[in-house]
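In UniProt numbering, the protein residues as written are 1 to 260.
Take a look at the structure:
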C-alpha cells in the first residue's frame, strides 16, 4: 500500500469523527458567525449529496434562513443519483422558485448536489443566479465514478448507475459556467478526490479550500461563512471570495484559488 493509499484510507475511516468535530466547532464559532455578510434576499435551493436527503442539509438551510434568505430543500427524497425523475424535476423546481421569488435562484449543492447545480446552470442559466458546490467531484467523468477513480464516493455512485438517466462524461462541468460559480474543496476529504472538486478559475469562477471533512461541509463554520459571503454578492458586482483577516487561517490556499 502506498502512502497515498494509506492517507486515503485514514481519511475515509475518520470521516464521521471529523464531521462531528465540525459540528462541535460550529457551536463554539456561532457568536463569530453572527457577523457573517448578509445580502439581498433571493431564492436559494440547497441540494443534498449522494444517498442523502434534505435531512442532511437542515443545518445549512436553517443558517441561510436566519440570514434572511427564502431557502428550500429539493423535496425529492433520498438522492440515488441522476435518475429520470430527478433530471426532469430539478429544472421545473428551479423555474417555480424563480417565479415565486421574482428572479434567478442561487443553488448550493453538497457533493453530488453540486454536480446537479452545475448542470442546472448549463440547462437553465437565465434562472440561476450563482452556483456554490461543496465537495463536488465534477472534474471526473460522470461527476464521480469515472474511469480510474477508486474513491469511496465513486464506488457508491457506481452501485446506482443502472438507475441513472445521465450518460457518463465530463459534459463541460469543470469548465466555465454562464453564471458565477464557487467550488469548495478540502484536501482532507475522505469520500471523493479533492482535486476533482476544483474548476478552471476565471473572472466569475473560483476555487476555495477549507479544512473540513466531506460529510462535515454542510455544518463547518468556514463553509457557512463562505456561503453567506457568496450569497451576499450582488448580481451585477460579483467578486471573488476574500476572507476577513481574522478568518484567513480557515482557508488553505492552493495554486488557482482565489481566497487567501
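A virtual CB, placed ideally from N, CA and C, is assigned to each residue, including glycine.
With DSSP as the reference, label residue i as helix, strand or coil.
i, result
"residue 143", "Low confidence applies to residue 143: its pLDDT is 42, below 50, so where it sits in the model is not reliable, and the reading given next is rough at best. Residue 143 falls in the helix class under three-state DSSP."
"residue 170", "Interpretation of residue 170 is limited by its pLDDT of 45, a score under 50 that renders its predicted location unreliable; the figure taken from the coordinates is listed afterwards. If DSSP states are grouped into helix, strand and coil, residue 170 belongs with coil."
"residue 6", "helix"
"residue 249", "helix"
"residue 185", "strand"
"residue 22", "helix"
"residue 68", "coil"
"residue 205", "strand"
"residue 219", "helix"
"residue 11", "helix"
"residue 231", "helix"
"residue 177", "coil"
"residue 74", "coil"
"residue 257", "coil"
"residue 17", "helix"
"residue 198", "coil"
"residue 225", "helix"
"residue 162", "helix"
"residue 244", "coil"
Among the options, whose alpha-carbon lies nearest the alpha-carbon of residue i?
i, options, result
"residue 60", "46, 31, 14, 105", "46"
"residue 43", "134, 109, 201, 94", "94"
"residue 257", "130, 202, 62", "202"
"residue 239", "110, 226, 249", "226"
"residue 132", "151, 197, 81", "197"
"residue 34", "114, 26, 41", "26"
"residue 213", "205, 108, 222, 190", "190"
"residue 86", "106, 12, 166", "166"
"residue 53", "125, 111, 40", "111"
"residue 41", "200, 28, 65, 249", "65"
"residue 236", "118, 76, 130", "130"
"residue 91", "127, 231, 254", "127"
"residue 139", "106, 108, 176", "176"
"residue 229", "137, 23, 250, 36", "36"
"residue 183", "18, 70, 241", "241"
Bridge partners for residue i per DSSP, in chain order?
i, result
"residue 213", "BP columns for residue 213 are empty, so no partner."
"residue 133", "109, 183"
Considering residue i, what are the terminal residues of the alpha helix (DSSP H) in which it resides?
i, result
"residue 152", "152-159"
Which ranges does the beta strand (DSSP E) cover as unbroken runs of at least 3 residues, wholly within the stretch 81-130, from first to last along the chain? Segments of the beta strand (DSSP E) lying fully in the stretch 81-130: 105-110.
3-residue-minimum beta strand (DSSP E) runs that sit fully inside the stretch 27-64, ordered along the chain: You should have 44-47.
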